[in-house]
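>
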Amino acid sequence: MRILVVDDSKAMRMIVIRTLRQAGHGGNDIEQAENGREALELINADAPDLVLSDWNMPEMNGIDLLRTLRSAGNEVPFGFVTSEGSPEMRELATSSGALFLIAKPFDADSFSEALDGVLV
Amino acid sequence: MSSSQLSPSANGSPVIVDPVVSVEDIVAVTQEVWSALLGLDLELEAGASMDASGPSITGCVQITGGWEGAVLLSCSERFARIATEAMFGTDDVTDDDMIDAVGELTNMVGGNVKSLLPGPSQLSVPSVATGERYVVHIPGTSQLHDLVLGCGQDPVSVSIWHS
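Top to bottom, those sequences are chains R and E.
When you line the first sequence up against the numbering used here, it's residues 1 to 120, in that order.
When you line the second sequence up against the numbering used here, it's residues 1 to 163, in that order.
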């Protein structure tokens, strides 16, 4: 399976990839994008099986990326990995079409819990 | 350290203003980030101040909307390198990597603090300053908290500014 990791922080992209490995999902192909605009291009080109996206990013943030995808009819499984884990943000994520929101800081267990049933 | 702050009233006498986020909240948020990402245990160093000499790095995120202000995180360049190596999983890190790492640590502390504040509000992407003997000014704000936390390495400061 192909997973797209979207975050403007290179450090955080590496941590997400490391945590995916720790959660047992290291065998998947992983692509990276620095912002929503770059992610949109990669999603249209490569059709990943899952998008893991930060919320606040320059050029195009995560919620705008998700809304753009859904309004174009793209139902790619999408989850947020963000420092903003309030109930309001979770509600906004879900109502916009995200499957889950993993709050930073996180561990392998929170990834397993969110991704079980999404990645097979 | 008291979780309240004294501010001057119109006639100059002090007025206690209770911030919506407490010292305990800020310490807990920062401890969680340091533990999860860096494997370090942080403790509040009440009454301590940061060493202003030597190269340092400061990250800043701004919060706008239901609550307006900023969260700043400062550390020595020496500690920033240690944190960056831990986050990247290698000791081969660049100055740009350190800026990225401190920005992300600030984003995490700031984002979690934002979750405790009145909403709805928006969190900015982090800005990062590097250098020696500089002072960061957040126009139109006053400082609610200025905490120093230690972990056996160089300390880190977390400050909250409110419009």
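Heads up, the beta-carbon is just placed ideally off N, CA and C, and yes, glycines get one too.
Who pairs with ASP146 (chain E) in a beta bridge, going by DSSP?
E:SER159
> Using only the alpha-carbon positions, how far apart do GLU59 (chain R) and GLU43 (chain E) sit?
37 Å
> In whole angstroms, what separates the C-alpha of ALA80 (chain E) from that of GLY24 (chain R)?
30 Å
> Kindly indicate which residue of E:ASP92, E:ILE63, E:GLN153, E:HIS145 has the alpha-carbon position closest to the one of ASP25 (chain E).
E:HIS145
> Helix, strand or coil: how does DSSP classify THR130 (chain E) here?
strand
> Using a Cβ-Cβ distance under 7 Å, would MET60 (chain R) count as near chain E?
no
> Any C-beta of chain R sitting closer than 7 Å to the C-beta of ASP100 (chain E)?
With 7 Å as the cut-off, ASP100 (chain E) counts as an interface residue toward chain R.
> Would you call the CB atoms of SER53 (chain E) and SER76 (chain E) closer than 7 Å?
no
> Suppose the cutoff is 6 Å on Cβ atoms and the five residues either side in sequence are ignored; what does the same chain contact list for THR106 (chain E) look like?
GLY59, VAL61, LEU73, PRO126
> Once you ignore the five residues that flank MET57 (chain R) on each side, which residues in its own chain have a CB closer than 8 Å to its CB?
So the list reads VAL6, ASP7, ASP8, GLU34, ASN35, GLY36, once near-sequence residues are dropped.
> Can you list, in chain order, the residues of its chain with a C-beta nearer than 8 Å to that of GLU45 (chain E)? Leave out the 5 residues immediately preceding and following it.
If we look at GLU45 (chain E) and ignore the five residues flanking it on each side, its Cβ neighbours are VAL148, LEU149, GLY150, PRO155.
> Restricting to Cα atoms, I'd like to know which of R:GLU75, R:ILE17, R:MET14 is closest to LEU40 (chain R).
R:GLU75
> Of all the alpha helix (DSSP H) runs that stay within the bounds of the stretch 1 to 89 of chain R, which reach a length of 4 or more residues?
10 to 22, 36 to 46, 62 to 71
> Listed in chain order, which residues of the stretch 66 to 100 of chain E have Cβ atoms closer than 8 Å to some Cβ of chain R?
Listed by position along the chain: THR84, MET87, PHE88, GLY89, ASP97, ASP100.
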